[in-house]
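Presented below is the structure to which this report refers.
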Amino acid sequence: MQRPFFVPMNYAILIDAGFLKHKLGSAAQPMGLNEVRALVTSLQSHPLLAEHHLHRIYYYDALPFQGKETVPLQGGVRDFSISPTAKRQEQLLSQIRQEPFFAVRAGELSFEGWGIPLKLLNTKQSELTIKADDLRPRISQKGVDMRIGMDMAALTLKHIAQILVLVTGDSDFVPAMKFARREGATVFVVPLGHRIKDVVREHADYVFDLLPKDVLVQH
């Protein structure tokens, strides 16, 4: 039963997908649509949100890298568009776009060259032989954090959502959190057991204690 004079508010869930994949998936078993659904269900049923109205779920991720790059040391050309990672990412984004109340905000991946894994460099040998198969692509994500910050500001300034639920463990969003709170929004952070900096707790109205195992048990 709702409390007397209780006025439900709109809330939006903003998901940092790169962070979520790390918390709910692994190299052996990558995160899929079921895990995303389970997270949303867990949040919607939380006592702090159960009586409020879901406006939308914003899912922030980068489109898969589609380029072809030459591998040094006569390693040939690698077509990233046909990699299992790219195919899996395309499928997941396509599925999420079809989900009710979801909106995908896509950044992009940028190829930054090739690197050597640290485990190969952690050696006491004075010389090291590197083969083409040892090299790993260095790919960075661009535009995702900016989109999260812009949406937090827009949702607040346009009075679309009074509660922002931010699924991340990244302190880079603190300025956007501070702005949203100054404009009257309530900010919840869902770090999924990730150790967050004190400054994130300081500028959040509430930090959920939801753990990955609590989410995964639901599907």
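Number 5 in the UniProt record's numbering belongs to position 5 of the sequence shown; there are no gaps in the numbering. We treat Cβ as the ideally placed atom computed from N, Cα and C, and that holds for glycine.
Residue I57 holds the alpha-carbon nearest to the alpha-carbon of L164 among F19, G25, E99 and I57. The continuous beta strand (DSSP E) containing R105 extends over residues F102 to G115.
If the five residues before and after L24 are omitted, its C-beta is found closer than 6 Å to the C-beta atoms of M31, E35 and P212, all from its own chain and listed in chain order.
Taking a contact as a CB-CB distance under 8 Å, the pair Y60 and V144 counts as one, their CB atoms being some 5 Å apart. Look at V7 here: in three-state DSSP terms it is coil, with no helix or strand label. Between the alpha carbons of F80 and F6 lies a gap of roughly 52 Å.
For I13, the secondary structure class from DSSP, reduced to helix, strand or coil, is strand. In the structure shown, D209 falls within a coil segment according to DSSP collapsed to helix, strand and coil.
Counting only runs that start and end inside the segment 55-97, the beta strand (DSSP E) elements of at least 3 residues fall at 68-70 and 77-79.
Sequence-distant Cβ neighbours of K158 in its own chain, meaning closer than 6 Å and more than five residues away, do not exist here. Within the DSSP secondary-structure output, V187 pairs in a beta bridge with L164.
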